[in-house]
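First comes the structure, then the notes that go with it.
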Amino acid sequence: MGRKIKSDWFAAGFELLGEQGEAGLTIDALTSCLGVTKGSFYHHFKNRTAYSVALLDYWEQEMTQGIIDQANVEVTPKERMDRLTRLTVDADNPQLEVAIRAWALRDPVVREFQEKVDKKRMAYCVLLCDGLTKNKAEAKMWGELVFTVFVGAQQTIPALRGKRLAKLYGELQRLYEAAM
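Heads up, the sequence shown is in my numbering, so the first residue is 671 and it goes up one at a time.
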């Protein structure tokens with residue numbers, strides 16, 4: 671039993687959420703997954719609710735703001751969009767995203783996080799499209815389309831991923847460029 675840091679708890683939570691959904695996200699399952707005692711859990715988190723909020727905050731920071739920050743290292747909007755597409759395809763975590771959306775249907779706190787993340791992700795897609803077209807109405811439509819393809823690809827069973835998802839994004843980009 672090695673000492674665990676908060677990011678270890680979040681990685682275990684993401685794994686459990688992706689595999690079992692929110693119902694599998696128990697203190698017992700987390701401690702079993704990490705091979706530690708409940709005391710270790712309570713050293714980091716007051717209770718399961720506090721853990722869930724911290725987990726969702728980490729998800730927002732790492733899987734939204736972190737990806738935006740990585741895409742922003744590129745200079746042009748086109749390069750940023752290409753980088754965002756690669757990062758999205760490489761993240762390959764549709765089960766986690768589906769599980770959080772399902773959880774958000776039942777829990778108002780999770781719903782607030784999901785809405786905030788969706789708004790941030792969609793706003794970034796619109797911002798990138800705005801840099802490509804300079805037409806606010808078209809940028810909004812195309813940004814929303816890019817984002818909804820991302821969400822829709824995760825929601826299909828099985829989820830669209832890897833080369834298939836990259837090809838879909840490539841076709842969307844081709845259509846976008848043809849429309850401009």
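Backbone N, C-alpha and C fix where the C-beta goes; we use that ideal spot for every residue, glycine too.
Between the region 761–778 and the region 687–697 there are three or more C-beta pairs closer than 8 Å, enough to call the two in contact. Excluding residues up to 5 positions away in sequence, Arg750 lie with their Cβ nearer than 8 Å to the Cβ of Asn742 in the same chain. Annotated as proximal: Ala809 and Cys799, with beta-carbon spacing under 7 Å. Less than 7 Å separates the beta-carbon of Leu700 from that of Ala682.
Beyond the five residues adjoining it in sequence on each side, Val780 comes within less than 6 Å, by CB distance, of Trp773 and Ala774 in the same chain, given in chain order. Residue burial annotation: Ala823 is buried, with at least 16 other C-beta atoms found within 10 angstroms of its C-beta.
A residue is called buried once 16 or more other Cβ atoms fall within 10 Å of its Cβ, and Leu845, having fewer, is exposed.
One alpha carbon belongs to Asp698, the other to Gly672, and they sit about 17 Å apart. CA-CA distance, Ala693 to Ser702, rounds to 15 Å. With a beta-carbon spacing of about 7 Å, Gly832 and Val759 fall inside the 8 Å limit used to define contacts. Nearest to Arg834 by alpha-carbon distance, out of Arg756, Thr719 and Glu730, is Arg756.
The residue from Leu754, Leu842, Arg776 and Val706 with its alpha-carbon nearest to that of Met733 is Leu754.
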